[in-house]
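Undergrad: So that you can map any letter, position 45 of the sequence shown is 31 in this note's numbering, and since no number is skipped, the others follow by simple counting. Cβ atoms here follow ideal geometry from the backbone N, Cα and C, with glycine treated the same way.
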Amino acid sequence: MSTEPKVEVPAEETKETTDTKLYKDEVTGEMVSKNEIKKRQKQREKEAKDKLKAEEKKAKAENAPAKKEKAKVEEEELDPSKYTDNRKNWI
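Take a look at the structure:
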């Protein structure tokens, strides 16, 4: 154990209060550092992009079944015995 006396530092001289300037986060209303605000903005932008991509993917997925159904219809027309007739109609 150390026998040195403990020296209390007043709140005015602590690193937290002297080095950090706090800014208001517009979305949450919290008081945070400028670095934290930048991190949060990047995170929000990323989430917005991901959400947009998910919506686009969903829209493509809705259109894809229609293409699959069309492909099934074309497969049904490809009867091996009617190959020449189908080929002539295609040309």
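1. Taking C-alpha atoms, which residue in 13, 36, 22, 31 lies nearest to residue 7?
2. Express the C-alpha separation of residue 44 and residue 10 in angstroms, rounding to a whole number.
3. Measuring straight from C-alpha to C-alpha, what distance separates residue 38 and residue 48?
TA: Inspection of the coordinates gives the following:
1. On the sequence shown, residue 7 is found 21 positions in, with the first residue counted as 1. Residue 7 has its Cα closest to that of 22, out of 13, 36, 22, 31.
2. On the sequence shown, position 24 is the one that residue 10 refers to. On the sequence shown, position 58 is the one that residue 44 refers to. One C-alpha to the other measures close to 36 Å.
3. Taking the sequence shown and counting its residues from 1, the one referred to as residue 38 is at position 52. Taking the sequence shown and counting its residues from 1, the one referred to as residue 48 is at position 62. Residue 38 and residue 48: Cα-Cα distance of roughly 15 Å.
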